[in-house]
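Accompanying notes for the structure given below.
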């Protein structure tokens, strides 16, 4: 069994620690906070340390999982790959396309697994969406709309785009199967900080597919919704709901004598397969480490997401002060 050390026991790290422990793959936890490490020892009885170098020097540790602040992802992942470890990095892979590509190249050179925490790609609802698309149930995909809104933690290391949108772009790019040819973005610094609190992104793809992404951490109600509009049917994935997370709508506009006629036949809930997304994600990582085959959310897919985020970020940077809608 691959033995994994988790780097970072703050916001997201405890989830990785818990799941890896349940999978009997947890080797150690590393954090700069003695208080956090004491909690990890109490809950999981695992070895802890404040020294990243100690983790890298241990031949009994095969892989590391990085769950630290986003600006540290690149240097920690690079150092781990150079030490011969397989690497799992929470999203986003890095804060620039150049850094993301450098990690992908280094992992290939060292023949190590590099994986990104695009958790929702492992959600049974998204698996079902891919199956519906492959079976032709939706027809041709025409438009995708992503909404990730919350009254969330205000971050100063990155804006809401880099904090929230990697999830949506990972799903969007996976379904599109192509890179956007046109990106338009508008961002708002509602609280007056140097970082955007809310961002709207519009994308157009060579195939004609269009998409809209809206992310905000300044919303009164939480919404995590992924909508796919097809030429035949529509599907809605609402991750906030306890039941009927995925609905297939038999709605659309059918050609009729040179015009269109509306069709509204209601919806049916789609039964989802079993499995907790994080366990499915980590099982994929562990199997990739053991076999050498690429995981679903490999480094290359992480780099693609970073490149789109970077294009949007460049548009937002140009949109100051009050320049309005900028395209890239």
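In our numbering, the protein residues as written are 1 to 328. Just so you know, even glycine gets a beta-carbon here, dropped at the ideal spot from N, CA and C. Remember, it's a predicted structure, so these values are computed and weren't measured experimentally.
Counting C-beta atoms within 10 angstroms of its own C-beta, residue 154 has fewer than 16 neighbours from the protein chains shown and is therefore classed as exposed.
For residue 144, the uninterrupted beta strand (DSSP E) run begins and ends at 141 to 151, by DSSP. Of the candidates 39, 305, 151, 193, 151 places its Cα closest to the Cα of residue 220. Runs of the alpha helix (DSSP H) lying entirely within the segment 88 to 115, each at least 4 residues long, are 97 to 110 in chain order.
Residues of the same chain with a CB within less than 6 Å of the CB of residue 225, apart from the 5 flanking positions on each side, are 147, 238 in chain order. Rounded to the nearest whole angstrom, the C-alpha separation of residue 267 and residue 53 is 54 Å. By the C-beta density criterion, residue 234 is buried, having at least 16 other C-beta atoms within 10 angstroms.
Secondary structure within the segment 151 to 231: the beta strand (DSSP E) runs of 3 or more consecutive residues, fully enclosed, are 182 to 188, 198 to 204, 210 to 216, 218 to 230 (chain order).
Going by beta carbons, residue 25 and residue 2 fall inside the 7 Å limit. A residue is called buried once 16 or more other Cβ atoms fall within 10 Å of its Cβ, and residue 264, having fewer, is exposed. With a 10 Å radius around the Cβ and a threshold of 16 neighbouring Cβ atoms, residue 257 comes out exposed. Taking a contact to require three or more Cβ pairs closer than 8 Å, the segment 80 to 93 and the segment 111 to 127 qualify as touching.
The residue from 310, 182, 58 with its alpha-carbon nearest to that of residue 209 is 182.
The beta-bridge partner set that DSSP reports for residue 238 consists of 225. Assigned with DSSP and collapsed to three states, residue 55 falls in helix. For residue 23, there is no enclosing beta strand (DSSP E), since its DSSP letter is neither H nor E. Secondary structure at residue 312: helix, using DSSP grouped into helix, strand and coil.
Looking at the backbone, the Cα of residue 44 and that of residue 84 are separated by about 26 Å. Counting C-beta pairs closer than 8 Å gives three or more between the segment 124 to 140 and the segment 270 to 287, which meets the contact rule. Residue 14 is classed as buried because its beta carbon has at least 16 other beta carbons within 10 Å across all chains shown.
Under DSSP, no beta-bridge partner is assigned to residue 284.
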